[in-house]
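Novice: Residue numbering for the sequence shown follows numbering that gives the first Met the number 0, beginning at 0 and increasing consecutively. One structure follows; several queries about it will come next.
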Amino acid sequence: MTDLILSVDVRAPAGTTWLALTDWARQGEWMLGTEVEVVEGNGRSVGSRLSAFTGVAGLGFTDTMEITSWEPPVRCGVRHLGSFVAGTGVFQVVPKGPARSTFVWAEHLRLPFGPLGRLGWPVVRPAFALGVRLSLRRFARFAENYSVGGDE
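Written out as structure tokens, the structure is:
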């Protein structure tokens, strides 16, 4: 298992950041190469399932997740159900006053490919973390301009 914890400051209230974060259908607007859809439940409750495809031109992988905790507007926990991506994740919004918040992305993952995956992770991790950091910076801009329905 490996842990990855990254965060980004957002110039938006925690409630707005939460709504932007949990707008699953629009996650592709800020997460590199990823499209998310709710495949079971309403996407806003424990037991709901999400399917996230990450890749380019149809090549990639699908990460199926089940929401295990739902505590708006501060915390959503997920369990990754796939054979490629397995483990748990937490998306947390930390209020920083009336107009600021911090989004924390934490993952506790079982690496794919067994021993080969464990050996390769130190090589892959910097690029993976860079991609997530870039996505988090994009998320901050997305949340700062967020409106329900994507009108802006």
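Think of the CB as a built atom: it goes at the ideal place given N, C-alpha and C, for glycine as much as any other residue.
#1: Shortest alpha-carbon distance to phenylalanine 127 belongs to which of Met30, Trp23, Leu20 and Arg140?
#2: Please name the residue, chosen from Ile4, Asp2, Phe83 and Thr15, that lies closest to arginine 140 on a Cα-to-Cα basis.
#3: Mapping DSSP to helix, strand and coil, what is valine 35?
#4: Leaving out the 5 sequence neighbours to the left and right, which residues in its chain are closer than 8 Å to glycine 59 when beta-carbon positions are compared?
#5: Unbroken beta strand (DSSP E) runs of length 3 or more, entirely within the stretch 67 to 98: which are they?
#6: Since valine 9 and alanine 105 should fall inside the 8 Å C-beta cutoff, what is the C-beta to C-beta distance between them, to a whole number of angstroms?
#7: Return the first residue and the last residue of the alpha helix (DSSP H) that glycine 17 is part of.
#8: Would you tell me roughly how many angstroms separate the C-alpha atoms of methionine 0 and lysine 95, rounded to the nearest one?
#9: Assign serine 6 to one of three DSSP states: helix, strand, or coil.
#10: What does glycine 116 pair with, by DSSP beta-bridge criteria?
#11: Report, in whole angstroms, the separation of the C-beta atoms of glutamate 39 and arginine 48, which I expect to be a contact under 8 Å.
#12: By alpha-carbon positions, which one of Pro71, Thr63 and Val73 ends up nearest to valine 84?
#13: Between Val103, Thr87 and Leu108, which has its C-alpha nearest valine 93's C-alpha?
#14: What is the DSSP secondary structure of arginine 109, counted as helix, strand or coil?
#15: What residues in its chain sit with their C-beta under 7 Å from that of glutamate 28, if we drop five residues either side in the sequence?
Specialist: Concretely, from the data shown:
#1: Met30
#2: Thr15
#3: strand
#4: Gly32, Phe52 and Thr53
#5: 74 to 80 and 85 to 94
#6: That belief does not hold up - the Cβ atoms of valine 9 and alanine 105 are roughly 16 Å apart, past 8 Å.
#7: Residue identity check: residue 17 is tryptophan in the sequence provided, not glycine. 13 to 20 is the span of the alpha helix (DSSP H), which, as asked, contains tryptophan 17.
#8: 31 Å
#9: strand
#10: Note: glycine 116 sits in no beta bridge, so no partner.
#11: 4 Å
#12: Thr63
#13: Val103
#14: strand
#15: Phe141
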